[in-house]
Amino acid sequence: MEDVQPTDASKEVATTSAAPENGSSSAAEGASGSDDEKEKKLRAVRQVEFYFADSNLPFDKFMWTLHTANEEHWVPIKTVASFKRMREFQALGLDWVVDALKLSEELEVDAAGENVRRKTEVQPPKGQFERSIYAKGFGKEDPTLQKRLEDFFNKYGKTNAVRMRRVEGTKEFKGSVFVEFADYKSVEAFLNADPKPTWEGQELLIMSKEAYCDMKIKEKGLTGKAADLRRQNIAGSGRKGFNAFKEMAEKEKGEKKGGKDSKDKPKPEVFLEFLGSKIRVHEEDGGSVKPEDVPFVKGASLKFDGAGDDVSFDEIKGTLKERFARAPFVKYNKGDSWGLVGFDKALSEEDIAYVKENLKKLSGKDITWSIPEEEQERAFQLERATSAAKRAFSFSQNRDNRSGGRGGRGGRGGRGGRGGRGGRGGARDRSAKSGGEKATAPAASGEEQAGEKRKRAVEPDGGPNMGVRGQGVPVIQSSKKAKTDGEAAS
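Position 99 of the sequence shown, counting from 1, maps to 99 under my numbering, and the rest follow consecutively.
See the structure below:
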């Protein structure tokens with residue numbers, strides 16, 4: 001759960017005041033103490049309101065689990081009060097937190113003072129991207145930075161979230177933030193502020209989130225799917241992790257498609273092994289994966305440039321099979337001078353040196369090898385996983401037919417079973433050389449090449465390790481090879 005405290009500038013109360021010149025004043029001290037207490041309660045309320053907000057609740061799996069634990073959506077206050085950003089209030093006791101929550105206009109407390117819930121139904125947040133800005137120039141992180149950032153941005157209007165951007169892996173603060181304001185007016189107030197916003201005397205680099213997205217795409221020279229993926233990731237539509245709205249939509253779609261029996265007979269899980277991770281395969285689009293489930297393995301791809309306009313997949317796969325256990329995935333469009341080659345692991349320096357030494361020409365022309373840009377490699381790996389998911393799902397859908405029919409091990413009604421030795425089914429399948437083959441990449445390659453006009457080779461990832469949990473490795477017959485410009489499908 002990301003701890004982000006939204007605050008309302010209109011509710012802020014100053015917590016410091018000058019000391020009286022002529023001695024202390026009991027009345028003044030009492031008023032000051034009262035104001036401090038009220039401000040502290042408002043801070044607690046705003047933090048809990050964030051936990052339940054449309055911008056957080058449906059994307060926070062733990063909070064959503066609490067929210068849906070009962071039909072009335074009551075959540076124990078004791079649990080909420082134990083969260084990290086509520087620590088400053090824990091010493092004041094649970095009753096103090098309960099009294100503070102009674103000040104909220106968005107939340108309600110039950111009669112027993114034990115539970116809290118939203119007053120309204122959860123709604124999909126709208127316009128988050130358009131109401132968000134990017135700002136850079138905040139220096140190094142310290143324990144007080146999150147709170148100081150929230151106070152800083154709330155001078156320009158109410159914020160829903162202030163998200164500190166971090167380096168993937170190390171979690172080091174980048175010195176920049178994405179801020180979601182509650183309304184467009186606040187966005188304009190910040191971006192058009194005069195004088196321009198500064199932090200510790202230094203002018204900040206600021207722009208709308210949309211402008212930041214366009215800038216990054218242009219900087220990296222991204223186009224097509226790579227640009228779309230980058231835009232989705234920045235905009236939030238490709239937000240990683242839990243999404244309650246997607247979960248509910250998929251559940252509803254599955255129930256409608258399966259009818260009344262769908263609840264009683266859950267479909268077995270289909271999964272595939274991809275780049276060292278097990279990925280759930282969903283039935284949408286004939287087999288698909290969620291982008292956030294696909295691991296990014298940096299350095300598991302290479303890009304070639306300078307090739308002729310009719311590269312043969314066998315040129316690449318035939319050479320590299322001597323070094324790599326699995327045949328690589330090749331993406332190449334006929335007529336292009338470049339393409340991408342994906343492997344089942346991150347390449348070592350020795351691996352890269354082997355490729356460069358043993359594949360110096362393609363289609364008769366000298367080529368150069370390089371490591372693709374990160375966004376291009378991300379999009380490529382997503383494409384690989386999607387291709388593998390479609391085959392895994394297809395195998396699972398046909399598994400009941402692969403065991404053959406009345407002809408025993410061959411089967412009259414089946415697809416040849418284990419080689420078509422026991423019946424007429426196997427003999428009728430002219431595309432099979434001598435019995436069925438395991439669900440490896442070559443078994444499915446003809447199907448993909450014919451269907452996609454030789455856009456790319458077949459993804460081997462997930463071949464022998466994909467299928468249905470609890471089932472053995474599926475057995476199928478080899479498909480009829482596609483012929484494209486005289487080149488056999490690899």
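A virtual CB, placed ideally from N, CA and C, is assigned to each residue, including glycine.
What's the call for residue i, buried or exposed, on a 16-neighbour Cβ count within 10 Å?
| i | result |
| --- | --- |
| M495 | Residue 495 lies beyond the stretch modelled for the chain, which goes from 1 to 490, so this question has no answer here. |
| R87 | exposed |
| G463 | Only weak support is given to the placement of G463: the predicted model assigns it a pLDDT of 41, under 50, and the value that follows is read from those uncertain coordinates. Looking at its Cβ environment, which holds 16 or more other Cβ atoms inside 10 Å, G463 is buried. |
| K251 | exposed |
| S396 | buried |
| K196 | exposed |
| K140 | exposed |
| M63 | buried |
| A441 | With a pLDDT of only 35 at A441, under the threshold of 50, the placement of this residue in the model should not be trusted; the figure read from the coordinates follows. Result: buried. |
| A227 | buried |
| E377 | buried |
| R148 | exposed |
| G23 | Annotation note: pLDDT 45 at G23 (below 50); position unreliable, coordinate value reported separately. When all chains shown are included, G23 counts as exposed. |
| K41 | buried |
Among the options, which residue has its Cα nearest to the Cα of residue i?
| i | options | result |
| --- | --- | --- |
| Y335 | E322, T198, N233 and V311 | Looking at the sequence shown, residue 335 is not Tyr but Gly. Measuring from the Cα of G335, the nearest candidate turns out to be V311. |
| E168 | R323, C213, D344 and V297 | V297 |
| A244 | E269, E49 and L66 | L66 |
| K84 | P143, R131, F59 and P124 | P143 |
| E375 | Y156, K225 and T68 | K225 |
| L94 | S104, E105 and S82 | S82 |
| E39 | S104, A69 and F59 | S104 |
| N43 | D151, K119 and T68 | The amino acid at residue 43 is misidentified as Asn; the sequence shows Arg. Closest option to R43, Cα to Cα, is D151. |
| L222 | D35, A379, E72 and A385 | A379 |
| L272 | A111, S34 and S387 | S387 |
| G137 | L275, E269, A385 and W199 | W199 |
| E315 | P195, K365, A53 and E377 | K365 |
| K317 | S337, N358 and K290 | N358 |
| P58 | Q123, A112, S34 and V80 | Q123 |
| F89 | A385, V48 and H73 | V48 |
| L275 | A91, G201, L347 and L145 | L347 |
| E247 | E37, T68 and S34 | T68 |
| Q146 | K158, R163 and E72 | R163 |
| K158 | R46, A249 and K218 | R46 |
| A111 | L204, A249, L92 and W74 | W74 |
Spatial neighbours of residue i within its chain, please: CB distance less than 8 Å, with the 5 preceding and 5 following residues excluded, ordered by chain position.
| i | result |
| --- | --- |
| V109 | I77, V98, L101, K102, N115 and V116 |
| L229 | G238, P291, E375, R378, A379 and L382 |
Do residue i and residue j have their C-beta atoms closer together than 8 Å?
| i | j | result |
| --- | --- | --- |
| N154 | A182 | no |
| L302 | V330 | no |
| K126 | F242 | no |
| Y212 | A189 | no |
| A300 | K345 | yes |
| K360 | I371 | no |
| F343 | F324 | yes |
| Y134 | S186 | no |
| A307 | S363 | yes |
| A389 | G287 | yes |
| L382 | P291 | yes |
| F50 | L107 | no |
| E373 | K174 | no |
| A385 | V270 | no |
| S337 | D285 | no |
Output needed for residue i: all residues of its chain with C-beta closer than 7 Å, excluding positions within five of it in sequence on either side, in chain order.
| i | result |
| --- | --- |
| E172 | R166 |
| S132 | F178, V179, E180 and K209 |
| Y354 | R323 |
| D293 | I279 and R280 |
| S277 | P295 |
| K119 | E106, L107 and E108 |
| K483 | Residue placement at K483 cannot be trusted, given a pLDDT of 38 that sits under 50; what the coordinates show is reported in the next sentence. There are no such residues. |
To which residues does DSSP link residue i through a beta bridge?
| i | result |
| --- | --- |
| H282 | S288 |
| Y134 | F178 and M207 |
| D507 | Here the chain has residues from 1 to 490 only, and residue 507 is not among them. |
| N154 | N154 pairs with nothing; no bridge assigned. |
| W199 | Q202 |
| M492 | Look at the range of the chain in this structure, 1 to 490, and you will see that residue 492 is not part of it. |
| G339 | F304 |
| V75 | V116 |
| S370 | K303 |
| E108 | R117 |
| E273 | K278 |
With a threshold of 6 Å on Cβ separation, who are the neighbours of residue i within its own chain once the five nearest residues in sequence on each side are excluded?
| i | result |
| --- | --- |
| Y332 | V311 and G339 |
| V282 | The residue asked about is misnamed: residue 282 is His in this sequence, not Val. Contacts found: S288. |
| N398 | none |
| M207 | Y134 |
Taking Cβ positions only, does residue i come closer than 8 Å to chain B?
| i | result |
| --- | --- |
| T319 | Of the chains in the structure shown, none is chain B; there is only one protein chain. |
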